[in-house]
Every structure is written in structure tokens, then in C-alpha cells.
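Reading through the C-alpha cells given below for one structure.
2 protein chains.
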Amino acid sequence: MRMSELSRLSGVPVATIKYYLREGLLPAGRQLSATQAEYDEQHLRRLRLIRALIGVRGLSVSTTRELLGALSEYTGDTHRLLGLALGAIRLTEDTEQDVPELADVEALVTELDWNVHKAAPARATLAETLASLRTLGVPLDRHTLLPYARLAERTAVLDLDQLQGIEDPLEAAERALLLTVLLEPALMALRRMAQENESARRHAEAGD
Amino acid sequence: MRMSELSRLSGVPVATIKYYLREGLLPAGRQLSATQAEYDEQHLRRLRLIRALIGVRGLSVSTTRELLGALSEYTGDTHRLLGLALGAIRLTEDTEQDVPELADVEALVTELDWNVHKAAPARATLAETLASLRTLGVPLDRHTLLPYARLAERTAVLDLDQLQGIEDPLEAAERALLLTVLLEPALMALRRMAQENESARRHAEAGD
DNA sequence: CTAACATAGATAGTGAAGGTATCCAATGAT
DNA sequence: ATCATTGGATACCTTCACTATCTATGTTAG
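Those sequence lines, one after another, are chains A and B. Heads up, the first sequence is in the numbering used here, so the first residue is 1 and it goes up one at a time. Heads up, the second sequence is in the numbering used here, so the first residue is 1 and it goes up one at a time.
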């Protein structure tokens, strides 16, 4: 298919597709001549993935590029891909300064007996958030955090279960990305709804 | 204290503080004269909160303004405040178009027997994410989503527990905001670490 | 009292991010 | 042969979150 058809099928303007090509998010089409290139189903699929990561999850173009790079590089090695994908995303900008809470995180990981890479950015994200909360007068200690971590553990089991039994390695890789990254807004939405429900429950019990 | 001292104590540049005042994120100080105003501990506290919401959680200035507005308006009514706070945040931009997955969300909420407002933005966020996943070939049905929702339920219980036993209504309101909003990056970080751990566990079991 | 400096508030400018729009030469369809 | 379409290059635009400058007024040290 031509670029115009790719645009029509995906709903993404031609100018934007060109932009993604320039930025290296979308691989170039098969060159037919100096001014013609052909795109296929893979491109359409990739384009939809890009829109989901940027539009739904709110990732930046550069983060998306890293993620997609990991996807093509580690197709077939889901474990490695997962590591790369998890590492590529930063929820907070990294301040890169040593925050004292890193020790708390280390202690928590040890207590949980988790096998997590020493340099995992998630550690820094967690430490930074804890530091911020402490500054604001809400110090969360390990004791408080532990049950949250146990629930995260069970969430991760559900996540990994979803990846079982997929034979096509490309599909497995893509699904790993989608489930780890794109599911985040959904999980946060579930938590918000659950909070509203729980709040209503307690409010009704206590007062009128 | 003067603005310069507020700046020094918070680490936020004077120009930025003026910007937050203009944008209505920070209440004006007590006017001493035409060109002098005094700020107090409350302002410092508020300023730190603003930086955390914008810097750590990555909220936009306008979302932060809504949130802080809800905070001053509903101090003392934690249940109402929570509703406002949960509603003010949108993880995804709202497409506002009726996506078929809204029915699935409705069914899920019914099955869970949750008391969630019909117009809660979290419903739309969830529906939109599900729609996106379906388009990408990963249709998550209610059956798959249910265990995630159950875990969210238990997370919400932990969240609400944190708010128990705080007597000062302003402090309770602020903490509600912090725990619902600022804890999100921390929970996602925990999930990422748990995934890495779970992936390592299964990888080790299966292969070498 | 006065000179030097600080401050509040208004207005304008900056830089990054994420697109959009315009050109143009080379096709491909009619 | 003609004429709209395409790919590629380049320039432009808009939003966001600040940041800098300017001015009139205050404060303070000598």
C-alpha cells in the first residue's frame, strides 16, 4: 500500500507519518522508485502501536523510539525484551542525585527476596517518590510499603501469565510491551475506581 | 517571609514562583504594601506540593490547579475531595467519543459490585485503553481483567487505611491527594520490579 | 535625607516537544 | 501529453512551562 492508504487505514495524517519516519519510529517502506515506496501490514500494525504508546500511555517520541528499538532487537527473547522495555521508561525525570531512600528501596527488595537488577530505573523512581513524600510530611516506611509490594507481586504474576502460550515470537514480544506499558493507565484507572468504591463504603458505614 | 526567602527555602526560582501565583496554583501572600507581600509556612508547603505533583508525578499545570482547587474547597470532606481529585486527573486525553468498551467496563463494575459514579473519568480511561488493546490484537475480556480489579480493590483498602486517624482536616485532605496521586509512580515502579523478578524466576525455571 | 538595592507585578521572550504545511522533482495513471 | 500524486526536504506553527526584563514602589545603610 501507499502512504496515503496507510494514512487512511490508520487515521494518522500523512505529515505525521512522515514525521515518524524521520524520527525513526516507523521503518521505511520498500522503495519502488525514487518517489514511490510501498508499505505493508507490519507498518500499519507498527503505526497503531506508536499511536497507542504516545496517545494512550502518553510516552514521549524518544521513549517510544527506544522501546520500539528494543522490540526489534530482542524479538524472541522475551525476558531480555522485558528488561529493556522496563528500563526504557521513566515515569519521572531522573534527577540522578543520590537520594537517601535508595537504601530503603534496597532493604525492601531484600526483604521481598526479589531478583531485581541493581541499576533498574524503577528503583530510582520509587526512591525519588518516597523522598518526595517524606519532604511533604508523609514518610512511608518499609512496613507500610510491604503490602503494596505483595500486591504488585501478584499483579506481575497475572502479567506474565498473559504471555504464556504465544508461539509467534514477534507477537509475544509485542504483547509483552503492551501488557507492561499500555496496561498501566488501565490499572491506575482500576485503582481510582476501587478507591472511590472503598471511600463510599467507609463513608456510608461511618456517617449517614 | 519574603518571596526571595520562599524561593531559597523551596529551591524554586523567584520567576517560577511568580508564574505559579499568576496561574493560580499558589495563593497570594499577605499584602503589606503596594510592592511588598509576606508568605508563610503554608505557602512553602503548598509550593513543595506543587513541585511534587508537577515534577514527580508529571501533572500539567492546569491539572495541578484543578487538584489544588479541590483541596481548598473540600478540606474536611475527604470523601468528596477524593472524588474531585480522582476526577481531575486524566491519564489519557479524553477522546470523548463513545467507545464500545464502556459497556464492558459497566459489566465489570457490576460484577465487582463497585459503587462508582457513572461519569467517573476512570471509566473512560479504562474503556479507552481496552479499546486500544483490542485494536492492537490483545482483547482483554472481563474474565482476564477481574483478578486485576480484585488486586486494585485490595490496594484501595491499603490506601484508605493510610487516611485513618488523622485529626487535622487540612492534613487529611493533603494526604488523600498525595496517596492517590503521588503514589502512582511508586506503585508502577513496584510493578515493574515485580515483573522483572517474576520474569527472572520463570526464565530460570524453564531454561538454564 | 539620600543613594543603593530589593520587591511585586506586568509583559515579553525562550526552548523543547510534537506535529503541520509548503515545495519540488519524479512518477504513474488517463 | 498531461496532470494529480508521492516521497523527501525544509520551514513553520502551537502549546507548555518557564525565564528574563522592565518599571514603579519600598526598604535600608550611611
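C-beta: ideal position from N, C-alpha, C; glycine also. As the structure is a computational prediction, the values presented were derived from the model and not from experiment.
List the residues of chain A that residue i touches, going by C-beta distances under 7 Å, in chain order.
i               : result
L126 of chain B : A186, A189 and L190
P147 of chain B : L158
L136 of chain B : R48, L49, A52 and L178
H117 of chain B : E196
L26 of chain B  : The premise fails here: L26 of chain B is roughly 15 Å from chain A at the closest Cβ pair, so nothing lies under 7 Å.
Within the 8 Å Cβ cut-off, does residue i reach chain A?
i               : result
A34 of chain B  : no
L49 of chain B  : yes
S7 of chain B   : no
D208 of chain B : Annotation note: pLDDT 48 at D208 of chain B (below 50); position unreliable, no value reported.
R2 of chain B   : no
Residue i CB to nearest chain B CB: under 8 Å?
i               : result
Y39 of chain A  : no
Y74 of chain A  : no
R22 of chain A  : no
T63 of chain A  : no
E205 of chain A : no
S10 of chain A  : no
R142 of chain A : no
R30 of chain A  : no
V99 of chain A  : no
L68 of chain A  : no
A103 of chain A : no
A173 of chain A : no
E106 of chain A : no
L71 of chain A  : no
L133 of chain A : yes
Tell me which residues share the same chain as residue i and place their Cβ nearer than 8 Å to its Cβ, disregarding the 5 neighbours each side in the sequence.
i               : result
G83 of chain B  : H117
M193 of chain B : none
L47 of chain A  : L6, S10, V12, I17, Y20 and L26
D208 of chain B : Low per-residue confidence applies at D208 of chain B: pLDDT is 48, beneath 50, and the placement is therefore not dependable, though the value from the model is reported in the following sentence. There are no such residues.
L182 of chain B : A52, L53, V56 and R57
Which residues in chain A sit within 8 Å of residue i, going by Cβ to Cβ distance?
i               : result
Q195 of chain B : L82, L86, A156, D159, L160 and T180
L151 of chain B : L151, R154, T155 and L158
Could you name the residues of the same chain whose beta carbon sits closer than 6 Å to that of residue i, not counting the 5 residues immediately before and after it, in chain order?
i               : result
T75 of chain A  : P169, L170 and A173
L179 of chain B : D159 and Q162
A37 of chain A  : G29 and Q31
For residue i, I'd like the list of residues in its chain whose CB is within less than 7 Å of its CB, leaving aside the five on either flank, ordered along the chain.
i               : result
T64 of chain B  : L25, I50, L53 and I54
R191 of chain A : none
Give the single residue among the options whose Cα lies nearest to the Cα of residue i.
i               : options                          : result
V109 of chain B : B:L178, B:T180, B:E23 and B:A149 : B:A149
S33 of chain A  : A:L44, A:R45 and A:R2            : A:R2
E198 of chain A : B:E128, B:E153, B:L44 and B:D141 : B:E153
L126 of chain A : A:E106, A:V61, A:L112 and A:G137 : A:E106
A70 of chain B  : B:T155, B:G87 and B:Q195         : B:G87
V157 of chain A : B:V157, B:R202 and B:A120        : B:R202
R123 of chain A : B:P185, B:L140, B:T35 and B:A15  : B:P185
Residue i versus chain B: which residues are under 8 Å apart at the beta carbon?
i               : result
V14 of chain A  : Under the 8 Å cutoff, chain B gives no residues; its nearest Cβ is about 20 Å from V14 of chain A.
H43 of chain A  : Those do not exist, as H43 of chain A stays about 14 Å from chain B at its closest Cβ, beyond 8 Å.
L130 of chain A : A186
Comparing the CB of residue i with every heavy atom of the ligand FAD, is any distance shorter than 7 Å?
i             : result
L6 of chain A : This structure does not include the ligand FAD; it has no bound ligands of any sort.
Name the chain B residues whose beta carbon is nearer than 7 Å to that of residue i?
i               : result
S199 of chain A : H79, L82 and L160
>> Pairs of beta-carbons, one from the region 71-80 of chain A and one from the region 162-174 of chain B, closer than 8 Å: are there three or more?
In response: The region 71-80 of chain A is not in contact with the region 162-174 of chain B.
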